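Q: Sharing a structure below in structure tokens format, with a few things to ask.
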Amino acid sequence: MAGSRPAVAVTRLLLGAVLLVAGALKAMDPSLAVMAVGAYGLLPPKVALAVGLLLPGVEISVGGALCVRFLARGAALLAALLSGMFLFVVGWAHFESLDIACGCFGPLSPALESGWKTAVLDVAMLVGSVVVWCERPR
Amino acid sequence: MRGALVLLAAGALLSLVIFRGASPSQMLAALEVQAVVHAWDAETARARLGDELLVVDGRGGGAGAGPKDAFSVPFEERNDEAFVMPEGRQIRAALVVMEAGRAREARELAQWLAREWALEEVATFQGGIEAWLAADLPSR
């Protein structure tokens, strides 16, 4: 198992970096993040507003914690929940034939459709979260 | 589990700091008028063509072949002119057709139409005008 430690560390850092960047980019334009959540039509406007405003902070907090290995298992659990949630909404958009920008990376992703590429990223993040969560502290 | 809760609380606090200057009421107002935009393929478009559906050509002037009887609302000019919904039809939905590479603009135009014309349903055509013509949908 000792040989797998570097792989887990790389996974943790990559996962943390993706979440950190995604959160930081969303924080640059709060209205874009909020509208991206609302565009799925899954949540009432007030709930979509709350989720859209909370998401960047949570992503930064979880991503940062993963990068510096602080409360890593808790961060991995939250990262898995976030990835699972993202995967669900991407599936929803596909099922409902929605024309939607994923909003994953804030102002850098207005043209990125919520499609199979987003789903692949979410699955990779979910798998990475489980890998990090399974790592027992030494 | 405790770690997750601590990070969640930290994230919420961070969001409060990040967005302290934001205007939630403005964002809520925008959310309340935001429409869900669907993506229709040729099969759906063909099945839905009729009196209740208005096909909107969002390309600019001088565009070549396009959907038959489409109403022109060029994306760039949508706010410049008083584009009003054509009268004499019970229009409930609009389908925006633009170039394939302008998916974001098509989505924005669909949102604009839903808001300005109070439409029940808006959609964009997957694959743009190129796919419309290739699918042999009614064209001019």
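Chains A and B are the protein sequences, given in the same order. Letter by letter, the first sequence follows residues 36 to 173 in this note's numbering. Letter by letter, the second sequence follows residues 5 to 144 in this note's numbering. Beta carbons: idealized from backbone N, C-alpha and C, even for Gly. Bear in mind that the values here come from a model prediction, so they are computed numbers and not experimental data.
To the nearest angstrom, how far is it from the Cα of VAL59 of chain B to the Cα of GLY76 of chain A?
A: One-based indexing of the second sequence puts residue 59 of chain B at position 55. One-based indexing of the first sequence puts residue 76 of chain A at position 41. Whole-angstrom Cα-Cα distance: 23 angstroms.
Q: Judging by CA-CA distance, which residue of B:ALA97, B:GLY105 and B:TRP136 is the nearest neighbour of ALA118 of chain B?
A: Here residue 118 of chain B refers to the residue found at position 114 when the second sequence is read from its first residue. Answer by Cα proximity: B:ALA97.
Q: If you reduce the DSSP assignment to three classes, tell me which class PRO80 of chain A lands in.
A: Numbered from 1 along the first sequence, position 45 holds the residue referred to as residue 80 of chain A. PRO80 of chain A: helix per DSSP, three-state reduction.
Q: In or out: PRO91 of chain A buried (at least 16 other Cβ within 10 Å) or exposed?
A: Residue numbering aside, residue 91 of chain A sits at position 56 when the first sequence is read from its first letter. PRO91 of chain A should be labelled buried.
Q: Contact criterion: CB-CB distance below 8 angstroms. Does MET31 of chain B meet it with respect to chain A?
A: Stepping through the second sequence from its first residue, residue 31 of chain B is reached at position 27. Yes, contact with chain A.
Q: To the nearest angstrom, how far is it from the Cα of ALA62 of chain A to the Cα of PRO142 of chain A?
A: The count along the first sequence starts at 1 and reaches residue 62 of chain A at position 27. The count along the first sequence starts at 1 and reaches residue 142 of chain A at position 107. Cα to Cα, ALA62 of chain A sits roughly 10 angstroms from PRO142 of chain A.
Q: Using a beta-carbon distance cut-off of less than 7 angstroms, what residues from the stretch 154-167 of chain A approach chain B?
A: none
Q: Taking only the alpha-carbon atoms, compute the straight-line gap between LEU11 of chain B and ALA85 of chain A and give it to the nearest angstrom.
A: Here residue 11 of chain B is taken as the residue at index 7 of the second sequence, counted from 1. Here residue 85 of chain A is taken as the residue at index 50 of the first sequence, counted from 1. The straight-line gap from Cα to Cα measures roughly 17 angstroms.
Q: Please report the distance separating the alpha-carbon of VAL45 of chain A from that of VAL125 of chain A.
A: Residue numbering aside, residue 45 of chain A sits at position 10 when the first sequence is read from its first letter. Residue numbering aside, residue 125 of chain A sits at position 90 when the first sequence is read from its first letter. For VAL45 of chain A and VAL125 of chain A, the distance between alpha carbons rounds to 26 angstroms.
Q: Can you name, in chain order, every residue of its own chain whose Cβ lies under 7 angstroms from the Cβ of VAL37 of chain B, other than the five neighbours on each side?
A: Residue mapping note: residue 37 of chain B aligns to position 33 of the second sequence, counting from 1. Once the five neighbours on either side are set aside, the close Cβ partners of VAL37 of chain B are ARG119.
Q: Report the three-state DSSP secondary structure of ASP61 of chain B (helix, strand or coil).
A: As a first step, residue 61 of chain B must be located in the second sequence, where it is residue number 57. DSSP places ASP61 of chain B in strand when its eight states are reduced to three.
Q: Could you have a look at TRP44 of chain B and say whether DSSP puts it in helix, strand or coil?
A: To locate residue 44 of chain B, count along the second sequence from 1; it is residue 40. Strand at TRP44 of chain B.
Q: Report the option in A:ALA83, A:ALA74, A:PHE105 and A:GLY51 whose CA atom is closest to the CA atom of ALA115 of chain A.
A: The count along the first sequence starts at 1 and reaches residue 115 of chain A at position 80. Taking only the C-alpha atoms, the option nearest ALA115 of chain A is A:GLY51.
Q: Out of A:VAL56, A:GLY163, A:LEU156 and A:ARG108, which has the shortest C-alpha to C-alpha gap to PHE123 of chain A?
A: Within the first sequence, numbered from 1, the residue matching residue 123 of chain A stands at position 88. Residue A:LEU156 is the option with its Cα nearest to PHE123 of chain A.
Q: Ends of the beta strand (DSSP E) at PHE129 of chain B?
A: Indexing the second sequence from 1 puts residue 129 of chain B at position 125. Per DSSP, PHE129 of chain B belongs to the beta strand (DSSP E) from 125-129.
Q: At a CB distance below 8 angstroms, what residues from the stretch 93-114 of chain B approach chain A? Give them in sequence order.
A: Answer set for the stretch 93-114 of chain B: ALA107, ARG108, ALA110, ARG111 and ALA114.
Q: Could you tell me whether any Cβ in chain A is nearer than 8 angstroms to the Cβ of ARG6 of chain B?
A: The count along the second sequence starts at 1 and reaches residue 6 of chain B at position 2. Yes, ARG6 of chain B lies at the interface with chain A (some Cβ there is under 8 angstroms from its Cβ).
Q: Taking the straight line between their C-alpha atoms, what separation do you get for PHE130 of chain A and SER118 of chain A?
A: Stepping through the first sequence from its first residue, residue 130 of chain A is reached at position 95. Stepping through the first sequence from its first residue, residue 118 of chain A is reached at position 83. Looking at the two C-alpha atoms, the distance is approximately 18 angstroms.
Q: Of the residues B:ARG82, B:ARG24 and B:PHE129, which one's Cα is nearest the Cα of LEU99 of chain B?
A: Taking the first residue of the second sequence as position 1, residue 99 of chain B is located at position 95. When only C-alpha atoms are compared, the closest one is B:PHE129.
Q: Cutting at 7 angstroms between CB atoms, please list the residues of its own chain near ARG108 of chain A, excluding the five before and the five after it.
A: On the first sequence, position 73 is the one that residue 108 of chain A refers to. Correct list, in chain order: TRP168.
Q: Got a sec: which bits of the stretch 100-133 of chain A sit with their beta carbon under 7 angstroms from any beta carbon on chain B, in order along the chain?
A: ALA100, LEU106, ARG108, GLY109, ALA110, LEU112, LEU113, SER132 and LEU133
Q: Could you work out which residues of chain B lie near LYS81 of chain A, taking near to mean beta carbons separated by less than 7 angstroms?
A: Here residue 81 of chain A corresponds to residue number 46 of the first sequence, with the count starting at 1. Within 7 angstroms Cβ-Cβ: LEU32.
Q: Would the beta-carbon of LEU137 of chain B fall within 8 angstroms of that of ALA69 of chain B?
A: The residue given as residue 137 of chain B occupies position 133 in the second sequence. The residue given as residue 69 of chain B occupies position 65 in the second sequence. Yes, the Cβ-Cβ distance between LEU137 of chain B and ALA69 of chain B is below 8 angstroms.
Q: Could you give the first and the last residue of the continuous beta strand (DSSP E) run that contains VAL100 of chain B?
A: Stepping through the second sequence from its first residue, residue 100 of chain B is reached at position 96. Unbroken beta strand (DSSP E) run through VAL100 of chain B: 97-101.
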